Amino acid sequence: MTRCLAWSGSALGEYLVESLQIWRLRIEIYPSYHGALFFNLSAFLIPAVYGTLSKMWIANIDASLVSTTDAFTYFSCIIEVLNEGLPRAAWCDIISLLHRLSLTYTLISIQSILGFLLSVIFLFAAPGFVGAFVPGKVRATSVKYIRILAFDSLASTLNTAVSLGTRALDKPDVPLLMSSVQTLIQIFLELALVSTVHVKGFTPSIHTVATIKLVCDFTGAVVGLLYFLYLSRKATAHMDAKRLTWFSYASLKELILPGRWTFTESAIRNAIYLWQIHGVVSMGQAYATAWGVFNTIRWGLIMVPVNALEATSNAFVGHRWGIYQRSRHTPSSRASWSDIRFISAPAIRSVLIVLLVEGPMCVALSVHGAGPFARYLSNSDEVAEITAMMWRSIDWCYIAYGISTQLATVLLATETRWYLYQSLVSNIFYALPWAIALPKIGITPDTAWTYHKWVFGGSLVVSLGIIIVVDGIWVVRLHGWRFLKSSSLISAGRQG
């Protein structure tokens, strides 16, 4: 009787209104998943197509210089640590519009400063880096190439901050515009100056490619920033936005709390990867070039849908996590199974799409596509043969990678430190022992892939197993170890 009286009058009315608001939010965000996926897919596809074309044109200039462009890819692993630190924390704080704008403004400012400092360091450290990651005969050319692209670090950090910040603001059209402008200008300039149909009287070099890339990356980043500012001012035209500044200590602190986990995870993962890549480069020009072409196929074809699905899942899991947090009447209330399904649904949907897309794509490349495609990219039969062998042996591992990437978004957008934990287990207990063991084994170019396939392919499979276990722990912690539980909303309401 007492409990019935507690539900009478205004208390019941307030509870019903709040419940309706929460479910209205759930319904409103549901239909836009595929729209966001379309924008994200386009944003990742355009530069991937350009990157593939660019490598073909460089191979036409000098096939041995393909490994120089790969050196910049390894060079970018250091930039990636910055780009996967604070920017990936943007998914974790999806609240009011002004609050999210403050986070994005601060993110752009801090990333720009860090990118500039990193550019200066790379400008002076280029010879040492090239000595470690470029085969001997093209090192002199590679030093100048890396120095030209040193300030691409600033363009990259600005680009990533704007892209991830605006995706968290539900504006995937901003990164799409950035990649479209950047890629269209690059294609036009490289067709005119570098391709097989370039203007007469001009002799292209790999340094021409580097200069074009630097200019276009900055152009794309600046265009995206200006478009974001336009959308920001338009959205806040009828709001009190006087306190919205380019830097907020409170916003920085809010980004650092989850960002420290993503930064640490990326730093450890990329440090171990560069250690492993140093061993790949030491196997000679053909093997190093084949690995670079393999990565071009991986990033140009396989990773485009995986990255687009990850970005979409991050945004929608983050939104749903925010709605769930608002629905909790007490901090100690536990999630029901319907709450958990609601939060994780975008990630599960992304997993299903990965299975539908990546499986046929990997089979097609293994059966016929990898060898001819590698020959086009490298202009070398030897490199094409090595690349095809690499792909056929671990192609299926990238299906596992695609699944694990989507499942990891559940942790990345909700409990970021758990994202670090699962990565530490994979890298410290699998990747690191291999990095230590391979130099002691004494591998040769003939035996290298026998071991490397276990290093690179095996880590993808191991990571899938680990993320499934950690996601399971996340579910159990969120649910509270009780498997027969009513909805958290109803339970919390009854306690009132």
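If you read the sequence shown in my numbering, its first letter stands for residue -10, the second for the next number, and so on.
Each residue gets a CB set at the ideal place from its N, CA and C atoms; glycine is no exception.
Values in this document were obtained by computation on a predicted structure and should not be read as measured data.
task: Quick one: residues in its chain with C-beta nearer than 6 Å to the C-beta of T403, no 5 flanking neighbours on either side, listed in chain order?
output: In the sequence shown, residue 403 corresponds to position 414, counting from 1. Result list for T403: W310, in chain order.
field: Runs of alpha helix (DSSP H) wholly within the segment 264 to 292 (minimum 4 residues, chain order)
entry: 274 to 286
message: So, does the segment 152 to 171 touch the segment 35 to 43, judging by three or more C-beta pairs under 8 Å?
response: When Cβ pairs closer than 8 Å are counted between the two stretches, the segment 152 to 171 is seen to touch the segment 35 to 43, the count reaching three or more.
task: In angstroms with no decimal places, state the Cα-to-Cα distance between L244 and L75.
output: Here residue 244 refers to the residue found at position 255 of the sequence shown. Here residue 75 refers to the residue found at position 86 of the sequence shown. Going by the C-alpha atoms only, they are around 6 Å apart.
field: Of the listed residues I174, I457, T197 and S101, nearest to I47 (C-alpha basis)
entry: Looking up residue 47 in the sequence shown gives position 58. Nearest option by C-alpha distance: T197.
field: Inter-residue CB distance, G213 and V163 (contact presumed, cutoff 8 Å)
entry: Sequence index remark: in the sequence shown, residue 213 carries index 224 (1-based). Sequence index remark: in the sequence shown, residue 163 carries index 174 (1-based). Indeed they touch by this definition, with Cβ atoms about 6 Å apart.
task: Figure out for me which residue from T155, L103, I176 and R466 has the closest Cα to the Cα of T146.
output: Along the sequence shown, read from residue 1 onward, the residue named residue 146 stands at position 157. For the residues T155, L103, I176 and R466, the minimum Cα distance to T146 belongs to L103.
query: P422: buried (16+ other C-beta within 10 angstroms of its C-beta) or exposed?
result: The residue given as residue 422 occupies position 433 in the sequence shown. Per the 10 Å Cβ criterion, exposed.
- prompt: If you count every other CB in all the chains shown that lies within 10 Å of the CB of G117, and 16 or more means buried, which is it?
  reply: Taking the first residue of the sequence shown as 1, we reach residue 117 at position 128. Classification for G117: exposed.
Same chain, Cβ closer than 6 Å to N296, neighbours up to 5 away in sequence not counted: Stepping through the sequence shown from its first residue, residue 296 is reached at position 307. Setting aside the 5 residues that flank it on each side, N296 is surrounded in the same chain by F33, each with a C-beta closer than 6 Å to its C-beta; the list follows chain order.
query: Which value, in whole angstroms, describes the spacing of the CA atoms of T62 and S367?
result: Walking along the sequence shown from the start, residue 62 turns up at place 73. Walking along the sequence shown from the start, residue 367 turns up at place 378. Between T62 and S367, the C-alpha separation is close to 16 Å.
C-beta contact flag for F64 and L138 at 9 Å: The residue labelled residue 64 in the question sits at position 75 within the sequence shown. The residue labelled residue 138 in the question sits at position 149 within the sequence shown. In this structure, L138 lies closer than 9 Å to F64 by Cβ.
message: With distance defined between alpha-carbon atoms, name the residue in I174, I329, A279 and I462 nearest to D486.
response: This structure cannot settle anything about residue 486, because the visible part of the chain is limited to -10 through 485.
task: Report the rounded CA-to-CA distance for A353 versus G360, giving the unit in angstroms.
output: For the purposes of this step, residue 353 is taken as the residue at position 364 of the sequence shown. For the purposes of this step, residue 360 is taken as the residue at position 371 of the sequence shown. Answer to the nearest angstrom: the Cα atoms are 11 Å apart.
N-terminal and C-terminal residue of the alpha helix (DSSP H) that P349 is part of: On the sequence shown, residue 349 is found 360 positions in, with the first residue counted as 1. That run of the alpha helix (DSSP H) goes W326 to A353.
- request: Take the Cβ of A437 as the centre, count every other Cβ of all protein chains shown within 10 Å, and call the residue buried at 16 or more, exposed below.
  value: Residue 437 sits at position 448 when you count from the first residue of the sequence shown. So A437 counts as buried.
query: Are the CB atoms of L106 and T251 nearer to each other than 9 Å?
result: If you number the sequence shown from 1, residue 106 lands on position 117. If you number the sequence shown from 1, residue 251 lands on position 262. Their beta carbons are not under 9 Å apart, which means L106 does not touch T251 by this criterion.
query: Taking DSSP as the reference, what is the three-state secondary structure of R232?
result: By one-based count along the sequence shown, residue 232 stands at place 243. Residue state, collapsed to three classes: coil.
- prompt: The alpha helix (DSSP H) with A377 in it runs from where to where?
  reply: Walking along the sequence shown from the start, residue 377 turns up at place 388. Counting along the chain, the alpha helix (DSSP H) containing A377 begins and ends at D370 to I383.
query: In angstroms, rounded to a whole number, what distance separates the CA positions of K133 and E73?
result: Residue numbering aside, residue 133 sits at position 144 when the sequence shown is read from its first letter. Residue numbering aside, residue 73 sits at position 84 when the sequence shown is read from its first letter. Taking the straight line from one Cα to the other gives about 27 Å.
Alpha-carbon spacing of E299 relative to K189, whole angstroms: Locating residue 299 in the sequence shown gives position 310, where the first residue counts as 1. Locating residue 189 in the sequence shown gives position 200, where the first residue counts as 1. Computed Cα separation, rounded: 44 Å.
- prompt: So is Y219 buried or exposed if we call it buried at 16+ other beta carbons inside 10 Å?
  reply: Mapped onto the sequence shown, residue 219 falls at position 230. Burial call: exposed.
task: Name the residue from L182, I201 and A336 whose alpha carbon lies nearest to the alpha carbon of P193.
output: Here residue 193 refers to the residue found at position 204 of the sequence shown. Distance from the Cα of P193 is smallest, within the candidate group L182, I201 and A336, for L182.
- request: Determine the burial state of L478: buried for a count of at least 16 other Cβ atoms within 10 Å of its Cβ, exposed for fewer.
  value: Counting from 1 along the sequence shown, the entry for residue 478 is found at position 489. Here the model assigns L478 a pLDDT of 43, short of 50, so the residue's position is not dependable, and the following value carries that caveat. Of the other Cβ atoms in all chains shown, 16 or more fall within 10 Å of the Cβ of L478; this residue is therefore buried.
message: Using only CA atoms, which one of L449, T301 and C351 lies nearest to S412?
response: Looking up residue 412 in the sequence shown gives position 423. Checked all of L449, T301 and C351; the closest Cα to S412 is L449.
- prompt: What is the rounded straight-line gap between the Cα of I261 and the Cα of R232?
  reply: Start at 1 with the first residue of the sequence shown, and residue 261 comes out as number 272. Start at 1 with the first residue of the sequence shown, and residue 232 comes out as number 243. Going by the C-alpha atoms only, they are around 42 Å apart.
- request: Express the C-alpha separation of I375 and C351 in angstroms, rounding to a whole number.
  value: Here residue 351 corresponds to residue number 362 of the sequence shown, with the count starting at 1. Here residue 375 corresponds to residue number 386 of the sequence shown, with the count starting at 1. In a straight line, the C-alpha of C351 is about 17 Å away from that of I375.
- prompt: Taking Cβ to Cβ, would you say A275 is nearer than 9 Å to S91?
  reply: Residue mapping note: residue 275 aligns to position 286 of the sequence shown, counting from 1. Residue mapping note: residue 91 aligns to position 102 of the sequence shown, counting from 1. It is not a contact, given that the beta carbons lie outside the stated cut-off.
query: Taking the alpha carbon of S382 as the point to measure from, which residue in K223, L396, F445 and R330 has its own alpha carbon closest?
result: As a first step, residue 382 is located in the sequence shown; it is residue number 393 there, counting from the start. When each option's Cα is compared against that of S382, the closest is F445.
query: For V109, which of S101, F140, A129 and I462 has the nearest alpha-carbon?
result: Here residue 109 corresponds to residue number 120 of the sequence shown, with the count starting at 1. With distances taken between Cα atoms, V109 lies closest to F140.
field: Residue range of the alpha helix (DSSP H) that includes D206
entry: The residue given as residue 206 occupies position 217 in the sequence shown. That run of the alpha helix (DSSP H) goes I195 to A224.
task: Indicate whether I99 and F217 have their beta-carbon atoms separated by less than 9 Å.
output: As a working note, residue 99 is residue 110 in the sequence shown. As a working note, residue 217 is residue 228 in the sequence shown. No; because the gap between Cβ atoms is not below 9 Å, this pair is not in contact.
- prompt: Should Y419 be labelled buried (16 or more other beta-carbon atoms within 10 Å of its own) or exposed?
  reply: Working through the sequence shown from its first residue, we reach residue 419 at position 430. Burial call: buried.
message: So G358 and G40 are supposed to be a Cβ contact under 8 Å. How far apart are they, rounded?
response: The residue you call residue 358 lines up with position 369 of the sequence shown. The residue you call residue 40 lines up with position 51 of the sequence shown. About 17 Å separates the two Cβ atoms, so there is no contact after all.
message: Between which residues of its own chain and A205 is the CB-CB distance below 6 Å, once the five residues before and five after are set aside?
response: Taking the first residue of the sequence shown as position 1, residue 205 is located at position 216. Per the sequence presented here, residue 205 reads as Cys, with Ala not at that position. Q171, I174 and Q175.
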